[in-house]
Amino acid sequence: MTGPYSAKVMDHFMNPRNVGEIPDADGVGQVGNPVCGDIMKMYIKVKDKIITDVKFQTFGCGAAIATSSMATELIKGKNIDEALALTNKAVAEALDGLPPVKMHCSVLAEEAVRAAINDYLIKTTGQGLPGFKPHDESLHKEVHGN
Ligand code: FES
Numbered sequence: 017m018t019g020p021y022s023a024k025v026m027d028h029f030m031n032p033r034n035v036g037e038i039p040d041a042d043g044v045g046q047v048g049n050p051v052c053g054d055i056m057k058m059y060i061k062v063k064d065k066i067i068t069d070v071k072f073q074t075f076g077c078g079a080a081i082a083t084s085s086m087a088t089e090l091i092k093g094k095n096i097d098e099a100l101a102l103t104n105k106a107v108a109e110a111l112d113g114l115p116p117v118k119m120h121c122s123v124l125a126e127e128a129v130r131a132a133i134n135d136y137l138i139k140t141t142g143q144g145l146p147g148f149k150p151h152d153e154s155l156h157k158e159v160h161g162n
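For the sequence shown, our numbering begins at 17 and goes up steadily by one.
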């Protein structure tokens, strides 16, 4: 690998998969990093607990785009519980790693998936994920250390 990014990161940054919006989505989640200002929005279609389609819009850095692209690939066709088990580390590993300073971008991808599922659950069951809290100041401190 040349430079700080793996070939897979560069591929998903240059040719992101599943970009766009699903107008009749069953769940929509938006998360943002308050300091860098990057925003990620994820749309899911769900049928019989299976994520049949997923799209994203990311206004952010290259790593945020690559991780959202990879996250959509990893949850498409999976059931809700499998998608909820997706961690930012798994997304980064699927991309053959991220530079340490860019790991927080993958946190945004994990959270966007959770936020979309949370929205889907609220719409269908009236109850969201227990304890769900999108990227907030405390997490931000954890990943940025300030
Ligand atoms: S620098 Fe903000 S998500 Fe990457």
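Heads up, the beta-carbon is just placed ideally off N, CA and C, and yes, glycines get one too. Given the structure is predicted, the values throughout are model-derived calculations rather than measurements.
Query raised in the report: Taking the alpha carbon of residue 79 as the point to measure from, which residue in 36, 100, 22, 147 has its own alpha carbon closest?
Result: When each option's Cα is compared against that of residue 79, the closest is 22.
Query raised in the report: Under a Cβ-count criterion, where at least 16 other Cβ atoms within 10 Å of its own Cβ denotes burial, should residue 32 be classed as buried or exposed?
Result: Residue burial is scored here from C-beta neighbours: residue 32 has at least 16 other C-beta atoms within 10 angstroms and is therefore classed as buried.
Query raised in the report: If we count the other Cβ atoms within 10 Å of its Cβ and call it buried at 16 or more, is residue 154 buried or exposed?
Result: Per-residue confidence for residue 154 stands at a pLDDT of 48, beneath the threshold of 50, marking its modelled position as unreliable; the derived number appears in the next sentence. Residue burial is scored here from C-beta neighbours: residue 154 has fewer than 16 other C-beta atoms within 10 angstroms and is therefore classed as exposed.
Report task. Run the CB neighbour count on residue 118, radius 10 Å, all protein chains shown included, and call it buried at 16 or more, exposed below. Result -> Burial state of residue 118 is buried, judged by a 10 Å Cβ sphere holding 16 or more other Cβ atoms.
Requested in this report: Please indicate yes or no: does the CB of residue 45 lie closer than 7 Å to some heavy atom of the ligand FES?
Outcome: For residue 45, the shortest separation between its Cβ and any heavy atom of the ligand FES does not lie below 7 Å.
Query raised in the report: When every heavy atom of the ligand FES is checked, does at least one fall within less than 7 Å of the C-beta of residue 128?
Result: Outside the cutoff, so no.
Query raised in the report: Which runs of the alpha helix (DSSP H) fall wholly inside the segment 41-78 and span at least 4 residues, in chain order?
Result: Counting whole runs of 4 or more residues, the segment 41-78 contains no alpha helix (DSSP H) stretch at all.
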